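A.B. asks:
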Amino acid sequence: MTIQSHTGSEIKESTPEGENKQPVDRGWGGSLLLVVLAVIGSFHAMIMIGIEAYRAYTTQKALTQLEVEINTLEYELNGLKVILEYGNDPLYHEQLARNLGYIFSDEKRVITYPEDR
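Residue numbers for the sequence shown follow the numbering used here, so the first one is 52 and each next one is one higher.
1) Please classify F155: does DSSP put it in a helix, a strand, or coil?
2) Kindly indicate which three-state DSSP category N139 falls into: helix, strand or coil?
3) Do we get a CB-CB distance below 9 Å when we pair Y105 with the residues of chain D?
4) Could you give the DSSP three-state label for E166: helix, strand or coil?
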């Protein structure tokens, strides 16, 4: 007895005694499905690796930005500690006023220009 497969090749059915055994032609269907699944899985893995790499990059960038912000806040904190420590000192107040350009009423302001002007 012969059976026609969907690919057009003839496949002989084996007899109960085991005579005329020939491999059954299953075509490319199963192999093609495995290849397609492997390709899709590989693309998915590459995309996930790319997403995780981008996430690591953005996390590192945010971490660097936060470290800069922490350093800035620590610098400001140190300045505030100095103000707190010397806040009641009259010499400290005088120095702050002089840095802002204030002078005493009995002093004379002298403004100089560089010679190379």
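Positions of the beta carbon are idealized from the N, C-alpha and C atoms, including for glycine.
Just so you know, these numbers come straight off a predicted model, no measurement behind them.
C.D. replies: Here's the rundown:
1) Mapped onto the sequence shown, residue 155 falls at position 104. Three-state result, F155: coil.
2) If you number the sequence shown from 1, residue 139 lands on position 88. If DSSP states are grouped into helix, strand and coil, N139 belongs with coil.
3) Here chain D cannot be found, since the structure has a single protein chain.
4) Start at 1 with the first residue of the sequence shown, and residue 166 comes out as number 115. It is coil, neither helix nor strand.
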